[in-house]
Amino acid sequence: MPPLHQPPPPMPPQGFSGRHPPPPPHMGIPPPMVASMPASAHANGGYMPPPNFMPHQPPPPLPHAGMNGIANGSGTGGGRQPLQQQLGGGNGRWKGGGMFDSSPNAGGPSRFTAASSAAGGGGRQQLMSRFQAASTPAAGSGASNFQPSDDWSQLLSRNERMERELFSGTTTGINFDDYDSIPVEMTGPDRESIQPVESFASMTDFHPVIGNAVKLIGYQKPTPVQKWAIPTTLAKRDLMACAQTGSGKTAAFLVPILNLMYTEGPGHSQAAVRANRRKQFPVALVLAPTRELASQIYDEARKFSYRSQVRCCVVYGGADIGSQVRELDRGCHLLVATPGRLVDVMERGRIGLDHCRFLVLDEADRMLDMGFEPQIRRIVEQDTMPQKGQRQTLMFSATFPKEIQHLARDFLQDYIFLAVGRVGSTSQNITQEIMWVEEADKRACLEELLQNRAPDALVLVFVETKRGADQLEGVLYQQGFPVASIHGDRSQADREMALRNFRTGQTPIPCGHCCGCARSTCTASVEPVALET
Numbered sequence: 030m031p032p033l034h035q036p037p038p039p040m041p042p043q044g045f046s047g048r049h050p051p052p053p054p055h056m057g058i059p060p061p062m063v064a065s066m067p068a069s070a071h072a073n074g075g076y077m078p079p080p081n082f083m084p085h086q087p088p089p090p091l092p093h094a095g096m097n098g099i100a101n102g103s104g105t106g107g108g109r110q111p112l113q114q115q116l117g118g119g120n121g122r123w124k125g126g127g128m129f130d131s132s133p134n135a136g137g138p139s140r141f142t143a144a145s146s147a148a149g150g151g152g153r154q155q156l157m158s159r160f161q162a163a164s165t166p167a168a169g170s171g172a173s174n175f176q177p178s179d180d181w182s183q184l185l186s187r188n189e190r191m192e193r194e195l196f197s198g199t200t201t202g203i204n205f206d207d208y209d210s211i212p213v214e215m216t217g218p219d220r221e222s223i224q225p226v227e228s229f230a231s232m233t234d235f236h237p238v239i240g241n242a243v244k245l246i247g248y249q250k251p252t253p254v255q256k257w258a259i260p261t262t263l264a265k266r267d268l269m270a271c272a273q274t275g276s277g278k279t280a281a282f283l284v285p286i287l288n289l290m291y292t293e294g295p296g297h298s299q300a301a302v303r304a305n306r307r308k309q310f311p312v313a314l315v316l317a318p319t320r321e322l323a324s325q326i327y328d329e330a331r332k333f334s335y336r337s338q339v340r341c342c343v344v345y346g347g348a349d350i351g352s353q354v355r356e357l358d359r360g361c362h363l364l365v366a367t368p369g370r371l372v373d374v375m376e377r378g379r380i381g382l383d384h385c386r387f388l389v390l391d392e393a394d395r396m397l398d399m400g401f402e403p404q405i406r407r408i409v410e411q412d413t414m415p416q417k418g419q420r421q422t423l424m425f426s427a428t429f430p431k432e433i434q435h436l437a438r439d440f441l442q443d444y445i446f447l448a449v450g451r452v453g454s455t456s457q458n459i460t461q462e463i464m465w466v467e468e469a470d471k472r473a474c475l476e477e478l479l480q481n482r483a484p485d486a487l488v489l490v491f492v493e494t495k496r497g498a499d500q501l502e503g504v505l506y507q508q509g510f511p512v513a514s515i516h517g518d519r520s521q522a523d524r525e526m527a528l529r530n531f532r533t534g535q536t537p538i539p540c541g542h543c544c545g546c547a548r549s550t551c552t553a554s555v556e557p558v559a560l561e562t
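Residue 30 is where the sequence shown starts when you use the working numbering, and the numbers rise one by one after that.
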């Protein structure tokens with residue numbers, strides 16, 4: 030029978046906490062003492078430490094958020110030393126919020142630093158936690174807080190992969206010699222001081238970035254709107270240009286605006302970005318009516334900003350706004366946007382127009398037809414954009430109705446009016462031919478026309494309904510034609526891919542819905558044959 034009284038467990042040695050079993054006798058002894066310890070001490074465990082020996086003590090806890098206090102230590106003191114002495118001595122201060130800074134005047138962002146005096150020379154050292162060191166980006170890494178230099182005049186090194194991405198399959202248009210016969214009317218104050226550009230090679234004032242892009246694209250002879258719009262913009266004049274779709278308007282405003290940005294630099298926009306990390310302050314803003322046109326302008330802007338420090342961004346509806354905002358956070362100097370999405374981003378506090386020096390309204394008549402006038406006036410007149418006269422404004426429109434005249438009066442100052450061809454008419458480079466066929470014979474007639482087309486011809490087929498576009502795509506695909514449908518029910522990614530493949534010639538026969546947005550986007554960069562069924 031076991032005894033009723035059990036003896037209490039043995040007490041731990043003095044100096045040890047009862048929550049943990051005592052370590053072996055040699056654990057708290059410095060290595061020299063272990064080496065000089067007699068063998069009998071290991072054998073019987075009866076070794077007695079010297080009187081001045083202090084048993085092992087756990088290190089003091091690290092400071093946590095909200096802890097306040099002063100930790101003073103001496104680099105030469107003995108006995109138990111606070112954490113400050115383990116980091117090198119001196120005076121230090123613990124601060125809440127995840128910060129330990131031994132400098133009495135330390136401040137700035139949360140970090141873990143320590144000022145220490147080296148034993149031989151009193152050199153000041155700063156320690157950074159490995160987590161912050163890993164998150165600090167190197168220049169050019171594309172991180173969100175990387176900002177380029179304020180010197181935008183530099184021509185950066187080549188990137189062959191990006192060259193293939195941007196300039197492969199580039200088209201320069203057709204019938205450029207026929208543009209010489211198109212009439213051009215130019216009026217406005219001091220119009221005689223503006224001389225046309227006869228060739229891109231003759232423009233010696235182009236920045237090397239623009240000259241390199243023009244060479245890679247293959248531009249040689251400017252279109253009429255480019256011939257007059259480029260020198261007008263370089264002369265710092267406001268411009269109202271009426272030109273047909275497909276006349277080269279995109280390069281007419283991108284080339285001079287980016288050229289001025291390279292030579293003049295960012296101004297105060299970069300300093301504003303550094304002062305307000307959540308908001309970007311673009312130097313140039315381009316407004317377009319549709320997402321397809323905005324995407325096309327953005328693609329062209331990337332070409333003319335290749336090998337520069339200028340970063341172009343695009344925002345439009347129908348796409349994830351989160352990914353677009355993340356792209357803005359990486360830096361935005363030239364912004365292409367649709368009016369509705371831009372207002373949304375501005376109300377989120379991610380875009381500021383305080384330092385916008387260039388404003389472009391492309392296809393302004395279509396933006397008014399689509400009901401964007403309230404958003405346009407909200408952006409230009411009711412926010413922080415500089416007033417007319419303090420910015421340079423360019424408007425492009427295929428027509429010049431009274432609504433556009435009122436907009437030009439409100440937005441432009443002492444502007445040059447440029448009319449290329451007959452305002453509001455179709456392009457003279459397009460031959461219009463009407464073929465009358467029976468309803469049952471339309472498809473056979475279309476297949477015959479497609480079979481007789483030139484090998485490198487680009488053909489647009491417009492149909493009445495979205496379902497008709499999908500059905501016609503299936504029929505023509507079965508016949509072996511490189512075809513793709515494009516309409517408003519297709520996803521944004523599918524529409525962009527169809528347009529990209531159309532421009533590069535991979536699918537030269539897109540079937541589009543007449544009321545869709547693809548018409549102006551496609552004809553803006555090529556001169557296809559249009560067939561309507």
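Note that beta-carbon positions come from the ideal geometry of N, C-alpha and C, so glycine has one too. The structure presented is a predicted model; accordingly, all values stated were derived computationally and were not measured.
Point to revise | Contact set for residue 442: own chain, Cβ-Cβ below 7 Å, skip 5 residues either direction | key: 267, 417, 418
Exercise for review: Please go through the stretch 365 to 399 and give each complete alpha helix (DSSP H) segment of 4 or more residues, from N-terminal end onward.
Suggested key: 368 to 376, 393 to 398
Practice item. Could you check if residue 535 is buried or exposed, using at least 16 other CB atoms within 10 Å of its CB as the buried criterion? Key: exposed
Review point. Pairing CB atoms from the stretch 230 to 249 with CB atoms from the stretch 281 to 298, are three or more of them under 8 Å?
Key: yes
**Study point:** Reduced DSSP category for residue 542 - H, G, I as helix; E, B as strand; rest coil
**Key:** strand
**Study point:** Rounded separation between residue 244 and residue 467 - CA only
**Key:** 49 Å
Exercise for review: Compute the Euclidean distance between the alpha carbons of residue 362 and residue 484, then round it to the nearest angstrom.
Suggested key: 41 Å
Practice item. Please classify residue 250: does DSSP put it in a helix, a strand, or coil? Key: coil
Exercise for review: Would you decide whether residue 257 is buried or exposed? Buried here means 16 or more other CB atoms lie within 10 Å of its CB.
Suggested key: buried
Review point. Is the beta carbon of residue 217 sitting closer than 8 Å to the one on residue 445?
Key: yes
Practice item. Using a threshold of 8 Å, state whether the C-beta atoms of residue 212 and residue 450 are closer than that. Key: yes
Check your understanding: residue 510 to residue 478, Cα distance in whole Å?
Key -> 12 Å
Point to revise | Beta-carbon contacts of residue 136 that lie in its chain and below 6 Å, excluding the five residues immediately before and after | key: Here residue 136 scores only 40 on pLDDT, less than 50, and its place in the model should not be relied on; the value that follows carries that caveat. For residue 136, where only same-chain residues beyond five positions count, there are no Cβ hits under 6 Å.
Practice item. Could you check the C-alpha separation between residue 192 and residue 541 for me, to the nearest Å? Key: 30 Å
Point to revise | residue 227 burial status per 10 Å Cβ neighbour count (16 or more: buried) | key: exposed
Practice item. Please list, in chain order, all residues of the same chain as residue 259 whose beta carbon is under 8 Å from its beta carbon, the five residues on each side excluded. Key: 226, 232, 251, 281, 284, 285
Exercise for review: Go ahead and label residue 391 buried or exposed: buried means 16 or more other beta carbons lie within 10 angstroms of its beta carbon, across all protein chains shown.
Suggested key: buried
**Study point:** Alpha-carbon to alpha-carbon, residue 381 and residue 375
**Key:** 7 Å
Review point. Who are the Cβ neighbours of residue 333 in its own chain at under 7 Å, not counting the five residues just before and after it?
Key: 239, 242, 283, 284, 287
Check your understanding: By Cβ distance, which residues of its chain are closer than 6 Å to residue 414, with the 5 residues on each side in sequence left out?
Key -> 382, 385
Review point. DSSP state of residue 474, grouped into three classes?
Key: helix
Review point. If you follow the beta strand (DSSP E) that residue 514 is part of, which residue opens it and which one closes it?
Key: 512 to 515
Review point. How long is the line joining the alpha carbons of residue 371 and residue 481, rounded to whole angstroms?
Key: 45 Å
**Study point:** Nearest neighbour of residue 215, chosen from 523, 272, 499, 353 [CA to CA]
**Key:** 272
Check your understanding: Just reading off the alpha helix (DSSP H) that residue 286 is part of, what are its end residues?
Key -> 278 to 293
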